[in-house]
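For the record, the sequence lines run as chains E and W. Residue numbers for the first sequence follow full-length UniProt numbering, so the first one is 1 and each next one is one higher. Residue numbers for the second sequence follow full-length UniProt numbering, so the first one is 1 and each next one is one higher. Notes follow the structure.
There are 2 protein chains.
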Amino acid sequence: MAFELIKKVRLCEVGLRDGLQNEKKILTADEKMELLDGVQAAGFPVIEVGSFVGPRAVPQMADTDQLFMRMKKRDGVEYRALVANVKGVERAEACGCKKIKLNVSASVSHNLANLNCTPAQSVARFGECVDRAGAAGIEVSGSISMAFGSPWDEEIPIGNVQEIVEAYLNAGITEISLSDASGMAYPSQVYDICLKMKENYPQVNWWLHFHNTRGLGIANILTAMQLGFAQFDTSFAGTGGCPFVPGAAGNVATEDVLHMCEEMGIETGIDLDCAMEVGHRAESLLGHPASSCVLKAGKAKDILLMKPEGQTIK
Amino acid sequence: MAFELIKKVRLCEVGLRDGLQNEKKILTADEKMELLDGVQAAGFPVIEVGSFVGPRAVPQMADTDQLFMRMKKRDGVEYRALVANVKGVERAEACGCKKIKLNVSASVSHNLANLNCTPAQSVARFGECVDRAGAAGIEVSGSISMAFGSPWDEEIPIGNVQEIVEAYLNAGITEISLSDASGMAYPSQVYDICLKMKENYPQVNWWLHFHNTRGLGIANILTAMQLGFAQFDTSFAGTGGCPFVPGAAGNVATEDVLHMCEEMGIETGIDLDCAMEVGHRAESLLGHPASSCVLKAGKAKDILLMKPEGQTIK
Chain E
1 MAFELIKKVR
11 LCEVGLRDGL
21 QNEKKILTAD
31 EKMELLDGVQ
41 AAGFPVIEVG
51 SFVGPRAVPQ
61 MADTDQLFMR
71 MKKRDGVEYR
81 ALVANVKGVE
91 RAEACGCKKI
101 KLNVSASVSH
111 NLANLNCTPA
121 QSVARFGECV
131 DRAGAAGIEV
141 SGSISMAFGS
151 PWDEEIPIGN
161 VQEIVEAYLN
171 AGITEISLSD
181 ASGMAYPSQV
191 YDICLKMKEN
201 YPQVNWWLHF
211 HNTRGLGIAN
221 ILTAMQLGFA
231 QFDTSFAGTG
241 GCPFVPGAAG
251 NVATEDVLHM
261 CEEMGIETGI
271 DLDCAMEVGH
281 RAESLLGHPA
291 SSCVLKAGKA
301 KDILLMKPEG
311 QTIK
Chain W
1 MAFELIKKVR
11 LCEVGLRDGL
21 QNEKKILTAD
31 EKMELLDGVQ
41 AAGFPVIEVG
51 SFVGPRAVPQ
61 MADTDQLFMR
71 MKKRDGVEYR
81 ALVANVKGVE
91 RAEACGCKKI
101 KLNVSASVSH
111 NLANLNCTPA
121 QSVARFGECV
131 DRAGAAGIEV
141 SGSISMAFGS
151 PWDEEIPIGN
161 VQEIVEAYLN
171 AGITEISLSD
181 ASGMAYPSQV
191 YDICLKMKEN
201 YPQVNWWLHF
211 HNTRGLGIAN
221 ILTAMQLGFA
231 QFDTSFAGTG
241 GCPFVPGAAG
251 NVATEDVLHM
261 CEEMGIETGI
271 DLDCAMEVGH
281 RAESLLGHPA
291 SSCVLKAGKA
301 KDILLMKPEG
311 QTIK
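Here you go:
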């Protein structure tokens, strides 16, 4: 018996999108470009740059088009953005974004109340977006928020999540993200859901998106890693948050996940020191510390450099 | 294949000792008694009340004797304290403490520099404490700090930890705690060390003590749980800290561990709501928030009561 873990993971830095969109302070495009440059320099293979949604609904993301036009893309790096409708696809096309992510909530009651249709029906309505993106050479992925729990439901039956996965597959979308934006996922549940998804839909290219709202973000990632899941969203400095709980911890912190991977010998291709610089810079631009433990404590290995003489553990 | 976890854990609340001893503000005995009453009411099976060490070295613990004399002990609950030498055993005896914990650092270089002997030799010198405690009807357990890494060593070879375990066993001590006070443990290492310890010393009654310094406290506990380890130290509000890194996150937070156990159906015998009250009170007495995620966010189940209408996840 051994602790079986994957040897390599792919991380997507979502701080520019999910992190910043939950902040009261709106950064300027120049400040975002600085963070984006840092994220690129650190070597992330996937970067979520922003979203093409209404600027009145999410003013923090209003300049996503500008970021795409100003940035110098690196070979082999995927730059994606969140899109809600055909208008968003058109904006993506206009600014040279080549990868979009659609999203639907797994909460049936929430979807019925807001959109008067089930989540699977919502996905079916994405057909126009998929067609338009296909014509423009834009790759499409799909996300399922509230996959592990929602504020509107006692429980999200796994059958509901499977219906959405099948709707995505019917729409020709095979890259799917399970998201826990409300921070309700817990390890044994993550294990059960991920195992079932892996067994039932081996053709899917899975991503997982965890928040650390109740301290379980990394434990959930570790659990999924034991099942061979290898693609995770993380956010610099642990920025982000839970829209229902002001003051709660945010997305799982990039630096904490990278540090764990480095300690365990799991390859990421990302430079932890560079990523930590980005995290510190983000905190400085936002004007407050976020929720990364490693940014506060430094790397375990760095403690050796401090040579704390005479200190005793009592 | 299933996610195999134990069905029941025993948690020791160490906030009154490891939490408070790392705080600048020294609480009064009355304030500590209030927290102790709350911890008892919450139903913890084991409580680390304080330590019998020099009041000049650790002024935060100077009134541990008083707490033992004032408290109303509950049947079936174990009240333990940290002891460094025979004088500490005498203090324990005088105030009615029936369970003590000795400690040695697994860092050979640190021990040689401070005490001019190896950790195993340090344990052997505890013989007088063990004899004295035995004569007074006081149970003795042993702890190994820096078992997963130390600021003074590139690595702590597992052989060194085993030597200390054997020294404890030779001294007649079979209840042993592996401690990560420097917050350097990581899951694959925890797995390797715990597996070896369990296989080589099946007679030992193990405890594990993790800090959340670099965000891995709960992931480490979860990993050990997969090997059947079932006794963990936690600290209210995530109080505590790393003596080498000011501002770092503290011990793994009681509320976060309890919440995870409750979500996963793992029995603790502890009332989470009562424990959360203690955590909030501790933060209020200390005058600052500590590092518990659940204290900030509330329980996942409580989000249902909020019924956040019209909120959408963007």
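Note that beta-carbon positions come from the ideal geometry of N, C-alpha and C, so glycine has one too. All figures in this text were calculated on a predicted structure; none of them were measured in a lab.
Close Cβ partners of residue i (< 8 Å) along its chain, the five nearest in sequence each way excluded
i	result
M184 (chain W)	F148, G149, S150, T213, R214
S51 (chain W)	R17, Q21, V58, M61, T64, A81, L82, V83, A84, G88
P55 (chain W)	M61, A62
A124 (chain W)	A167, N170, A171
S244 (chain E)	It is worth fixing the name first, because residue 244 (chain E) is Phe in this sequence and not Ser. Cβ neighbours of F244 (chain E) beyond the five flanking positions: P151, S182.
Chain W residues whose Cβ lies nearer than 7 Å to that of residue i
i	result
L216 (chain E)	I218, M260
D256 (chain E)	R214, G215
I47 (chain E)	What I47 (chain E) touches in chain W: nothing, since even the nearest Cβ is about 19 Å away.
A81 (chain E)	Residues of chain W passing the Cβ test: none, with the nearest at roughly 12 Å.
Proximal residues to residue i (C-beta, below 7 Å), its chain only, five neighbours per side dropped
i	result
T174 (chain E)	Q203, V204, N205
C261 (chain E)	V9, T268
F229 (chain W)	C194, W206, L208
G247 (chain W)	none
A300 (chain E)	E263
S291 (chain W)	N212, G238, A249, G250, A253
G310 (chain W)	Confidence at G310 (chain W) is low in this model, with a pLDDT of 48, below 50, so the placement of that residue should be treated as unreliable; the coordinate-derived value is given next. Contacts found: none.
S179 (chain W)	S143, I144, S145, A147, H209
L27 (chain E)	L20, L285
F126 (chain E)	L102, A171
R91 (chain E)	F52, D65
Per DSSP, the bridge partner or partners of residue i
i	result
V294 (chain E)	Beta-bridge pairing links V294 (chain E) to no other residue.
F232 (chain W)	W:L11, W:L208
G142 (chain W)	W:L102, W:I176
C261 (chain W)	BP columns for C261 (chain W) are empty, so no partner.
N220 (chain E)	In the DSSP output, where bridge partners are listed per residue, N220 (chain E) has none listed.
E48 (chain E)	E:R80
residue 326 (chain E)	Because chain E here runs from 1 to 314, residue 326 (chain E) falls outside it and cannot be looked at.
C242 (chain W)	W:V245
E267 (chain W)	W:K8
Contact set for residue i: own chain, Cβ-Cβ below 6 Å, skip 5 residues either direction
i	result
V140 (chain E)	I100, V130, A133, I173
M225 (chain W)	L5, I6
L286 (chain W)	E23, K25
V14 (chain W)	E48, D233, S235
I303 (chain W)	none
M197 (chain W)	none
L216 (chain E)	Y186
G43 (chain W)	G269, I270, D271
T191 (chain W)	Checking the sequence shown, residue 191 (chain W) turns out to be Tyr, not Thr. T223.
residue 315 (chain W)	This structure cannot settle anything about residue 315 (chain W), because the visible part of chain W is limited to 1 through 314.
R281 (chain E)	none
A120 (chain E)	E163, I164, A167
P289 (chain E)	E283
Within chain E, partners of residue i - CB distance below 8 Å
i	result
K296 (chain W)	V245, G247, A248, A249
L222 (chain W)	P187, A219, L222, T223
I173 (chain W)	Residues of chain E passing the Cβ test: none, with the nearest at roughly 19 Å.
Cross-chain neighbours of residue i in chain W, by beta carbon under 9 Å
i	result
C97 (chain E)	Going along chain W, no residue has its Cβ under 9 Å from C97 (chain E), so there is no contact; the nearest lies around 17 Å.
M253 (chain E)	For the sequence presented, residue 253 (chain E) should be read as Ala rather than Met. What A253 (chain E) touches in chain W: G215.
Within chain E, the residues that residue i reaches when beta carbons sit closer than 7 Å
i	result
L208 (chain W)	Chain E residues near L208 (chain W): none, gap ~15 Å exceeds 7 Å.
Listed by chain order, chain W residues near residue i by CB distance under 8 Å
i	result
residue 315 (chain E)	Residue coverage of chain E in this structure runs from 1 to 314, which leaves residue 315 (chain E) outside it and unanswerable.
Where residue i meets chain E, residues with beta-carbon distance less than 9 Å
i	result
L36 (chain W)	The premise fails here: L36 (chain W) is roughly 20 Å from chain E at the closest Cβ pair, so nothing lies under 9 Å.
### Task
Scan the segment 263-279 of chain E for residues whose Cβ lies nearer than 7 Å to a Cβ of chain W and list them as they occur along the chain.
Listed by position, the residues of the segment 263-279 of chain E near chain W (Cβ gap below 7 Å) are E263, M264.
### Task
Name, going along the chain, the residues of the segment 154-168 of chain E whose beta-carbon falls closer than 8 Å to a beta-carbon of chain W.
Taken in chain order, the members of the segment 154-168 of chain E whose beta-carbon sits within less than 8 Å of a beta-carbon on chain W are E154.
#### Entry: chain W contacts made by the segment 175-199 of chain E, where a contact means CB separation under 8 Å
Within the segment 175-199 of chain E, those residues whose Cβ lies closer than 8 Å to any Cβ of chain W are, in chain order, A181, S182, G183, M184, Y186, P187, S188, Q189, Y191, D192, L195.
### Message
Give me the subset of the segment 2-32 of chain W whose CB atoms are less than 9 Å from a CB atom of chain E, sorted by chain position.
### Response
Taking 9 Å as the Cβ-Cβ cut-off, the segment 2-32 of chain W approaches chain E at A2, F3, L5, Q21, given in chain order.
### Query
Using a Cβ cut-off of 9 Å, which residues of the segment 137-154 of chain W contact any Cβ in chain E, in chain order?
Within the segment 137-154 of chain W, the qualifying residues are S145, M146, G149, S150, P151, W152, D153, E154.
### Query
For the segment 228-243 of chain W, which residues have a CB atom closer than 9 Å to at least one CB atom of chain E, in sequence order?
From the segment 228-243 of chain W, only G238, C242, P243 have a Cβ closer than 9 Å to chain E.
### Query
Of the residues that make up the segment 101-135 of chain E, which ones have a beta carbon closer than 7 Å to any beta carbon in chain W?
Listed in sequence order: S105, N114.
### Query
What are the complete beta strand (DSSP E) segments, minimum 3 residues, inside the segment 122-169 of chain E?
If one requires a minimum length of 3 residues, the beta strand (DSSP E) runs lying completely within the segment 122-169 of chain E are 139-145, in chain order.
### Whole alpha helix (DSSP H) elements within the segment 63-118 of chain E, 4-residue minimum
As summarised for the segment 63-118 of chain E, the continuous alpha helix (DSSP H) elements at least 4 residues long and confined to that stretch are 64-70, 86-95, 108-115, given in chain order.
### Task
Return the residues of the segment 54-70 of chain W that lie within a Cβ-Cβ distance of less than 8 Å from chain E, sorted by chain order.
Per Cβ criterion, the list reads A57, V58.
### Query
Got a sec: which bits of the segment 279-291 of chain W sit with their beta carbon under 7 Å from any beta carbon on chain E, in order along the chain?
Against chain E - using a Cβ distance shorter than 7 Å - the segment 279-291 of chain W contributes no residues.
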